[in-house]
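Data first, discussion second: the structure below is written as structure tokens.
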Amino acid sequence: MTGLPGVLDVLNEDQRRAATHQGSPLLILAGAGTGKTGTLVARAAWLREQGIQPSRILLLTFTRRAADDMLARAQPPDGNAADRICGGTFHAVAHRIIRAHAEAFALPPEFSVIDPADSSDVMDTLRDAHGLVGTSSGRRSPRAATCAEIYSRCVSTGTQLADVVAEGYPWCVPFTDQLAGLFTDFVAYKRRHGLVDFDDLLLLWRAALADAAAGPVLRGLFDAVLIDEYQDVNAVQADIARLLQPDGSGLTCVGDDAQAIYAFRGADPAHLRALASTYADLAIIRLTRNYRSRHPVLSLANVIRPQYQGLELALTAERGQGHRPVLIRCHDEATQAREICARILADYEAGLRFQEQAVLVRSGHHSDLLEIELAARGIPYVKYGGLRFTEAAHVKDFIAAARVVANPADDLAWFRLLRLHEGIGPVLARRVIEALVIAEPKPFGRWPEAEAILPQRCSAAVGATVRQLTQAAGHERTADRAASILAALHEPLAARYADAAVRLADLQRLADAAADSPSLHDALVQLALDPPVSASDLAGKPRLDDDYLVISTMHSAKGLEWPVVHLPQLVDGAVPSDMALTAPAGLEEEQRLFYVAVTRARDRLYLYTPLRMHHHRMARDDRHSYGQLTRFLTGAALAQCEQTQAVPPRPALAPIAPLAASVDRELQSLWGAG
DNA sequence: GGTAACTGGGTTTTT
DNA sequence: CCCAGTTACC
């Protein structure tokens, strides 16, 4: 392969040692911006050079973006399919394997992959049978989404329900027994309906790998396994890694435990630390030369970075001197929004494109005020993270209709589809579904019986929708099916949403995107496993010409970098989030998250703290008792920053003396003195 | 008995 | 903006 010398030449000594390591399992401890991706790509190339067939190299990541990025760099773009490295997210690879052997897993070939929102919906339908609805004995039951969260946490960490509840959800302790019953039902429901959730994908893969018969076959598919962001694996993923590589000879893990920010979905950096005890001959190589950030930015990062015993890492700046991070104490949130805009525009005037700047927030709504200000000033932006496109009501409606067509036994989808129509509530919908006898192979065939249940005033509308969907099921091509599904939804959506035109336009794009998939089933899995981050995301290419600012959650910003980074809302309660402070481990994770945010900046870092938050009511002028600067920016960290202030602008007034004189004259006129 | 329309309280992060 | 609870209508 011609590219290899080049790939290795650009590496520094540590990176090259990592890329060409052989003979034992390898852990690459790679600090932020130390060329982790390039090293992993080079290692994949080197493994090929050693004679390992590309298709026998498995590259596991946590996001589709990371997988695509690395796969694109690790292999020639013109390579044929047989000559490709096998890679993707844990979940996508698991799905590929399970789909290929559905019958071995006792799953119907057209099983549905449900996303967390679907899991919530299932929990919602099951939980009244367990006394988990409304308020009982003065306590509010956990919401359906919370039930799904607790379930997932138990499964992905392999922890007893009682412990998960006690530690992470103390207010749910009185409901522990009900939750246990609910979860039993939840599992049975999924099995009965051929549904597989995100956790199941991993559980099934792990079970197959641990199986005496299937294990050796699946393990034998790969000679080398490369895992990115190992600090973010959960217990099941760690098991999968171990089962894929029992002796570790072909295992490479890359990670940085100071960047572990996914504990809330079961990840635990302890798995990274445990690698040394799992594999006695584990080699650890540290990458500490940072090629991303200027020295003053990195100095701040090094102070914030939590250090863990045995895995200490101090980064050195390779990009030389630059500007110190600037802490701007803003009078209030509105001032903060104006100040951010002003600085963005100033850098824009100085020749920096909007794309080279990003605003990173702890939580989606922290940018609400800023977004208004950006719109007012005509600064284009795209927001990543926060509310997902697939969570919008009309998109869920479309997906439900598509699922009814792809898998008519999916009564969860039927439920949503029926309820979309005016006049149909939960009870009627359930009755219709009963009449359809969903378990039978052709529920559409029973539609006449089901239709008879409906009251006069809505039967025509629902009937029209269902007939159109029946037609959709008759089409061969995915594009025709998608178009037909969209047509079926036209009427009900127009009746339900005032802004139906916008929503239908969204769905048109969704249908277009789905048309490229080999089947509707594949399109739906793709959508669940890798949801588009925004409606504009679906439009694809044209946006690349535009210049726009990025607003992102700190979580979604992981692995990315920008020349200029703005971090607003650095106030205790927001950063660290008060939601995370119920357990001591929460605060540590918030600190790592802040570390991730700070290390996204290449040249300039702006830190903003509003002194008062508008939703806090203040008794008197004790503005320093609210909006306290985040506890992560004290002492040594604060000393790394330059500080300044921003106050709200005051309207300009002419000198006040003439005004005062006119008031006096007005008063005089009241008693006519003179 | 069942639905729509309204009200009041709460809202993290995501494969 | 979502969800649970209430109330008024069919």
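Heads up: the first sequence runs through residues 0 to 673, numbered per numbering that gives the first Met the number 0.
Heads up, the beta-carbon is just placed ideally off N, CA and C, and yes, glycines get one too.
All values reported here derive from a predicted model rather than from experimental measurement.
Asked	Found
Status (buried if at least 16 other CB within 10 Å, exposed otherwise) for Asp196	buried
Beta-carbon proximity of Leu57 to Leu70, cut-off 8 Å	no
Neighbourhood of Thr297 by C-beta distance below 7 Å, restricted to the same chain and skipping five residues each side	Note on residue identity: the sequence assigns Leu, not Thr, to residue 297. Once the five neighbours on either side are set aside, the close Cβ partners of Leu297 are Asn289, Leu314 and Ala316.
For Ser111, the residue or residues it bridges with in DSSP	Leu194
Given 8 Å, three or more beta-carbon pairs between the stretch 553-568 and the stretch 348-359	yes
Enclosing alpha helix (DSSP H) for His330 [first to last residue]	Taken as a continuous stretch (DSSP letters only), His330 belongs to no alpha helix (DSSP H), being part of the beta strand (DSSP E) at Val325 to Asp331.
Whole-number beta carbon distance between Ala31 and Thr598, since they are thought to touch under 8 Å	4 Å
Meets three-Cβ-pair contact criterion under 8 Å: the stretch 325-337 and the stretch 518-526	no
Alpha helix (DSSP H) segments (min. 4 residues) lying fully within the stretch 427-476	446-452 and 455-473
Beta-ladder partner(s) of Glu641, from DSSP	Val325
Residue of Leu7, Val549, Ala240 and Pro425 minimising C-alpha distance to Leu46	Leu7
Boundaries (first-last residue) of the beta strand (DSSP E) holding Ile226	Ala223 to Ile226
Exposed unless 16 or more other CB atoms sit within 10 angstroms - verdict on Gly254	buried
Pairwise C-alpha distance: Thr389 and Arg63	16 Å
Buried versus exposed, by CB contacts within 10 Å (16 or more), Asp246	exposed
For Ile149 and Gln590, believed in contact at Cβ under 8 Å, the rounded distance	Incorrect: roughly 25 Å between the Cβ atoms, too far for contact.
Euclidean distance between Cα positions of Ile113 and Ala527	7 Å
Val360 (DSSP reduced to helix, strand or coil)	strand
Cβ contact check for the stretch 185-200 and the stretch 92-108: 3 or more pairs under 8 Å	yes
Paired residues, beta bridge with His94 - DSSP	Partner(s): none; His94 has no beta bridge.
Span separating the alpha-carbon of Ala408 from that of Val224	37 Å
Pairwise C-alpha distance: Ala266 and Ala207	22 Å
Cβ pair count under 8 Å reaching 3, the stretch 14-24 against the stretch 237-252	yes
Short Cβ contact (8 Å threshold) for Arg16 with Ile284	yes
Proximity below 8 Å, CB of Tyr605 to CB of His565	yes
Neighbourhood of Ser551 by C-beta, 8 Å cutoff - its chain only, sequence neighbours within 5 removed	Ala357, Val358, Leu359, Val360, Lys382, Tyr383, Gly384 and Leu559
Beta carbon of Cys457 nearer than 8 Å to that of Glu433	no
Candidates Val163, Pro24, Asp396 and Trp413: closest to Val403 by CA position	Trp413
Residues of its chain near Gln642, where Cβ-Cβ distance is below 6 Å and the 5 sequence neighbours each way are ignored	Leu326
Rounded distance between the beta-carbons of Ala240 and Ile226, thought under 8 Å	6 Å
Reduced DSSP secondary structure (H/G/I, E/B, other) of Leu610	strand
Beta carbon of Phe61 nearer than 8 Å to that of Asp231	yes
Cα-Cα separation between Arg55 and Asp505, rounded to whole angstroms	40 Å
Alpha-carbon to alpha-carbon, Lys557 and Glu588	14 Å
Leu10 versus Arg42: straight-line alpha-carbon distance, rounded	11 Å
Bounding residues of the alpha helix (DSSP H) (the contiguous stretch that carries Lys35)	Lys35 to Glu48
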